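Here our numbering is used: position 4 in the sequence shown is 296, and no number is missing along the way. The beta carbon of each residue, even a glycine, is placed where N, CA and C say it ideally should be. Predicted model only: the values in this text are computed from it and were never measured.
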Amino acid sequence: MKHRNGFVSNSSSSSFIVAFPKGTVKLPKEKMKARLKKLLFDKDEFVGKYSVDEVLDTLHRNISSEDDSAIVQIKCTCPHCGKDVGGVIVDSEYNENEPRWKYEKETVMDFVRGNPDSDICFFMFSDEDGDYYGMLEHGDIFHNVPNIVVSHH
């Protein structure tokens with residue numbers, strides 16, 4: 293029997309593709325946060341041990357592209373009209389020839405096409421980045437809006 297001494301990692305990350313009502317991403321910061329709060333959190337003031345306001349600030353930063361990310365963005369084009377309908381976010385290991393990436397890209401593109409009157413937003417959270425980001429990854433914060441999750445476990 294083999295025994296492992298030392299730290300064993302069981303970290304994960306997930307991409308969240310979320311459909312918000314059209315116009316959400318163009319709102320000024322405080323109006324965007326108010327809309328997100330109403331959409332996502334009902335009357336809750338805390339998500340686990342974190343304030344809803346803290347979570348809303350994080351989501352706003354991601355939506356506003358204030359955060360740098362080690363991700364690759366692939367453009368999605370509508371097959372009917374050729375219009376750019378958003379992007380697919382995958383991690384830096386993306387290889388379009390691997391079947392798992394092809395499946396993930398098709399899944400996300402189907403979601404984007406299925407929500408044509410929405411602002412499609414992409415988030416990537418990892419529990420490797422600490423307790424807070426673990427809560428964002430595993431806390432089901434997008435359960436009130438259309439979304440899909442691409443797990444990178």
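Check: Under the rule that 16 or more other beta-carbon atoms within 10 Å means buried, what is residue 311, buried or exposed?; Outcome: buried
Check: Between the Cα of residue 341 and those of 428, 355, 438 and 413, spot the shortest distance and give me the residue it belongs to.; Outcome: 428
Check: Which whole-angstrom value describes the C-beta separation of residue 400 and residue 355, a residue pair presumed to lie in contact below a C-beta threshold of 8 Å?; Outcome: That belief does not hold up - the Cβ atoms of residue 400 and residue 355 are roughly 17 Å apart, past 8 Å.
Check: Do you know how far the Cα of residue 413 is from the Cα of residue 338?; Outcome: 22 Å
Check: Have a look at 396, 425 and 328 and flag the residue whose alpha-carbon is nearest the alpha-carbon of residue 315.; Outcome: 328
Check: Does the distance from the C-beta atom of residue 304 to that of residue 419 stay below 8 Å?; Outcome: yes
Check: What first and last residue would you give for the beta strand (DSSP E) that runs through residue 442?; Outcome: 439–443
Check: Using the three-state DSSP reduction, which class does residue 433 fall into: helix, strand or coil?; Outcome: coil
Check: Let me check one thing: in DSSP terms, what residues is residue 333 bridge-paired to?; Outcome: Per DSSP, none; premise fails for residue 333.
Check: Identify whether residue 349 lies in helix, strand or coil by the three-state DSSP scheme.; Outcome: helix
Check: Using the C-alpha atoms, what's the distance from residue 432 back to residue 403?; Outcome: 18 Å
Check: Secondary structure at residue 411, three-state DSSP: helix, strand or coil?; Outcome: strand
Check: Which term fits residue 398, buried or exposed, when burial requires 16 or more other beta carbons within 10 angstroms of its beta carbon?; Outcome: exposed
Check: Counting C-beta neighbours from all protein chains within 10 Å, is the total for residue 447 16 or more, i.e. buried, or is it exposed?; Outcome: No information on residue 447 is available, as it lies outside the stretch 293 to 445 that the chain covers here.
Check: Please classify residue 439: is it buried, with 16 or more other beta-carbons within 10 angstroms of its beta-carbon, or exposed?; Outcome: buried
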